[in-house]
Amino acid sequence: MSPVLAGVLQLLALTAALALAYRPLGDYMARVYSSEKHYRPEKWIYKAIGANPSAQMRWPAYLRGVLAFSAVSVLFLYALQRAQGVLPGSLGFSAIDPDQAFNTAASFVANTNWQSYYGEQAMGHVVQTGGLAVQNFVSAAVGMAVAVALVRGFARSRTGELGNFWSDLVRGVFRILLPISVIGALVLVACGAIQNFASIHEVGQFMGGSQQWNGGAVASQEVIKELGTNGGGYFNANSAHPFENPTPFSNLFEIFLILVIPFALTRTFGRMVGSLRQGYAILATMATIWLGFTALMMWTEFAHHGPAFEVAGGAMEGKETRFGIGASAIFSVATTLTSTGAVNSFHSSFTGLGGGIQLLGMQLGEIAPGGVGSGLYGMLIMAIIAVFIAGLMVGRTPEYLGKKIGTREIKLAACYILITPALVLCFTAAAMAMPTPPHSMLNSGAHGFSEVLYAYTSGANNNGSAFAGLNADTQWFNSTIGIAMLLGRFLPMVFVLALAGSLAEQKPVPETAGTLRTDKPLYTGLLVGTILIITGLTYFPALALGPLAEGLAS
Numbered sequence: 007m008s009p010v011l012a013g014v015l016q017l018l019a020l021t022a023a024l025a026l027a028y029r030p031l032g033d034y035m036a037r038v039y040s041s042e043k044h045y046r047p048e049k050w051i052y053k054a055i056g057a058n059p060s061a062q063m064r065w066p067a068y069l070r071g072v073l074a075f076s077a078v079s080v081l082f083l084y085a086l087q088r089a090q091g092v093l094p095g096s097l098g099f100s101a102i103d104p105d106q107a108f109n110t111a112a113s114f115v116a117n118t119n120w121q122s123y124y125g126e127q128a129m130g131h132v133v134q135t136g137g138l139a140v141q142n143f144v145s146a147a148v149g150m151a152v153a154v155a156l157v158r159g160f161a162r163s164r165t166g167e168l169g170n171f172w173s174d175l176v177r178g179v180f181r182i183l184l185p186i187s188v189i190g191a192l193v194l195v196a197c198g199a200i201q202n203f204a205s206i207h208e209v210g211q212f213m214g215g216s217q218q219w220n221g222g223a224v225a226s227q228e229v230i231k232e233l234g235t236n237g238g239g240y241f242n243a244n245s246a247h248p249f250e251n252p253t254p255f256s257n258l259f260e261i262f263l264i265l266v267i268p269f270a271l272t273r274t275f276g277r278m279v280g281s282l283r284q285g286y287a288i289l290a291t292m293a294t295i296w297l298g299f300t301a302l303m304m305w306t307e308f309a310h311h312g313p314a315f316e317v318a319g320g321a322m323e324g325k326e327t328r329f330g331i332g333a334s335a336i337f338s339v340a341t342t343l344t345s346t347g348a349v350n351s352f353h354s355s356f357t358g359l360g361g362g363i364q365l366l367g368m369q370l371g372e373i374a375p376g377g378v379g380s381g382l383y384g385m386l387i388m389a390i391i392a393v394f395i396a397g398l399m400v401g402r403t404p405e406y407l408g409k410k411i412g413t414r415e416i417k418l419a420a421c422y423i424l425i426t427p428a429l430v431l432c433f434t435a436a437a438m439a440m441p442t443p444p445h446s447m448l449n450s451g452a453h454g455f456s457e458v459l460y461a462y463t464s465g466a467n468n469n470g471s472a473f474a475g476l477n478a479d480t481q482w483f484n485s486t487i488g489i490a491m492l493l494g495r496f497l498p499m500v501f502v503l504a505l506a507g508s509l510a511e512q513k514p515v516p517e518t519a520g521t522l523r524t525d526k527p528l529y530t531g532l533l534v535g536t537i538l539i540i541t542g543l544t545y546f547p548a549l550a551l552g553p554l555a556e557g558l559a560s
């Protein structure tokens, strides 16, 4: 079987699996977030934190819950890392340095999971399992809660109430993420991923020395890192490591975990707003971009010219032979179009244009299908921008799902789409202008610039993957990327929740003959075009200096 055919068959199998899971999972999540019943273990948690799960919150109260919980999480994870040297199960590792502890705490709480350290050489079992793995669950649940609050803003009228953050958070963890993770971990263990609390042990003799390996609760952390679109690896090699991702089947299963909830949330959206066709329109937009990017990535990696590439059957540098080019391309696009950040190959070794596709996937805002929760609310913001543009074309006040998109709504949406590009471009410009940060670049020229641009794009968009040629373990990069991750995660949430509150207060607008049908293919095409044009205009100059220049020169 040719490598190209193998890649295509894997893509078809993945698409079929996602299609089978779409309806049952999407409907189940709609029931979870619409239910008024609280299970006994959930009641124990509400009692412990002093929350009333039945109390409805307006958007400022919902936002305070998000920010307060996230702030406490940052402080807890920072303190846990700083105290690692005196904790049991530390494997002899010392406390994490302050700047790196801040960077890691900000990273995992912001659902970014950017890592400027070697996981197996820095973090013990307590920090890995009791700190990082826990944040993999709750940071994903926070994103889902904010997305559901925005959906309620569309579904409700004449009220500013968006639900209860604490109820949405707990349900997201215990009713959705945890059950799927238990099943997924069993699958990964069956595939060969490790799950233990073994200490460091030596393996064999190599060139006069021995090699050391850690054990760890790897399978359980691996499944939630993919399912929650987190991405932080237990080992430095991340999902290219055989302890995390041992076989081609486990590789395809992990891609499925990355994509299944973000795609299924469109069904949840359609069910909660009372129009499944609206959910299908959003799904079609996401699927069009995802399939287009995947096909383009496979083409650039298989068809790149040169004797070495032709002998290997494509651009095999930096890719695992047990996965091949097709599976590596599919994995790469899945992680950069979501906020996952996991890698099963060396992104810096992709072709110039391949690296550009990875960058552009993150710069779209990771909305196709995007992160757990963040992908849906990011896409709904772009849907509002698209109906606004359509309204300008025909001279009508734009409407979406029976809500008028007025001055307040469009200002909030515009602020949302401007935050992340501002963070990425300003921090990249500052890093390149200062004398010290460029010394961290492994490469010079266009590829070196791409390393820095990729780092801030990954941080501000809460992705977490890296080109891996950049030495980011410096005070400058730890501090600035940490700030970019926090601002890139929580500032957009402010505008999302403010927009949700504004929409929930409106009276529904009756549909007329002049209303733009947002459940038709015409609107899907308009939405795809809006996303690509807005992103292209924003990032094209930076992309031209980096991956495009490198790709055209090769």
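For the record, in the sequence shown the residue sitting at position 114 is 120 according to this note's numbering, with numbers rising by one throughout. Note that CB positions come from ideal geometry on N, CA and C, so glycine has one too.
What's the gap between the Cα of ALA204 and the Cα of ASN220? 7 Å
Can you tell which of GLY169, LEU194, VAL144 and ARG158 has its C-alpha closest to the C-alpha of PHE180? The shortest CA-to-CA distance from PHE180 to any of GLY169, LEU194, VAL144 and ARG158 is the one to VAL144.
CB contact flag (SER256, ALA333, <8 Å): no
Nearest by alpha-carbon distance to ALA389: which of ALA420, GLY125, VAL14 and MET368 is it? Considering only alpha carbons, the answer is ALA420.
Which of helix, strand or coil does DSSP assign to GLU250? coil
Can you list, in chain order, the residues of its chain whose CB lies under 8 Å from that of ALA490, leaving out five sequence neighbours each side? The beta carbon of ALA490 sits closer than 8 Å to those of LEU429, VAL430, PHE433, TYR462, GLY465 and ALA466, all from its chain and outside the five residues before and after it, given in chain order.
Ordered along the chain, which non-local residues of its own chain (more than five positions away) have a Cβ less than 7 Å from that of VAL378? Cβ neighbours of VAL378 beyond the five flanking positions: ALA146, GLY149, MET150, GLY234, THR235, ILE267 and PRO268.
Any contact of the region 155-174 with the region 500-514, i.e. 3+ C-beta pairs under 8 Å? As far as the Cβ criterion goes, the region 155-174 touches the region 500-514, which means the pair count is three or higher.
Measuring alpha carbon to alpha carbon, tell me which of VAL229, VAL224, PRO252 and THR253 ends up nearest PHE241. VAL224
Would you say the beta carbon of SER380 is closer than 7 Å to some non-hydrogen atom of the ligand PLP? The ligand content of the structure shown is nil, which means the ligand PLP is not present either.
The alpha helix (DSSP H) with ARG70 in it runs from where to where? 65-88
In terms of alpha-carbon separation, which member of PRO527, SER456 and PHE473 lies closest to ALA548? Nearest C-alpha to ALA548 among PRO527, SER456 and PHE473: SER456.
How would you call GLY412, buried or exposed, if buried means at least 16 neighbouring beta carbons within 10 angstroms? exposed
So, at 7 Å on beta carbons, what are the nonlocal neighbours of GLY470 in its own chain, with the 5 sequence-adjacent residues on each side left out? SER113, THR118, ASN119, TRP120, GLY237, GLY238, GLY347 and SER464
Alpha-carbon to alpha-carbon, ALA550 and ALA452: 9 Å
Put LEU370 into one of helix, strand or coil per three-state DSSP. Here DSSP, grouped into helix, strand and coil, assigns LEU370 to coil.
Tell me whether the region 128-138 and the region 85-93 touch, counting them as touching only if at least three CB pairs, one residue from each stretch, are closer than 8 Å. yes
Buried or exposed, going by whether 16 or more other CB atoms sit within 10 Å of the CB of ALA61? exposed
Quick check: LEU168 and GLY178, are their CB atoms within less than 8 Å of each other? no
Local Cβ density within 10 Å of ALA293, reported as buried at 16 or more and exposed below that: buried
Bridge partners - LEU476, DSSP secondary structure assignment: MET447
With a threshold of 16 other CB atoms inside 10 Å of the CB of GLN218, please say whether the residue is buried or exposed. Classification of GLN218: exposed, given that the 10 Å Cβ count is below 16.
From the DSSP output, read off the bridge partner residues of SER351. Answer by DSSP bridge pairing, in chain order: LYS325.
Measure how close the beta-carbons of LEU343 and TRP296 come, nearest whole angstrom, since I'm counting them as under 8 Å. So it is a contact: roughly 6 Å between Cβ atoms.
Per DSSP, which residues does VAL209 bridge with? Please list them. GLN217
Test item: CB-CB of PHE337 and ILE261 under 8 Å: yes
Rounded straight-line distance, which links the Cα of ASP105 to that of ASN477: 14 Å
In this structure, how does DSSP classify TYR545 when only helix, strand and coil are distinguished? helix
Relative to the alpha-carbon of SER351, which residue among GLN284, ALA474 and TYR422 has its alpha-carbon at the smallest distance? ALA474
For a test of the three-state rule: what should DSSP assign to LYS49, helix, strand or coil? Correct three-state label for LYS49: helix.
How big is the Cα-Cα spacing for VAL393 and THR291? 14 Å
Does the distance from the C-beta atom of ALA472 to that of GLY13 stay below 8 Å? no
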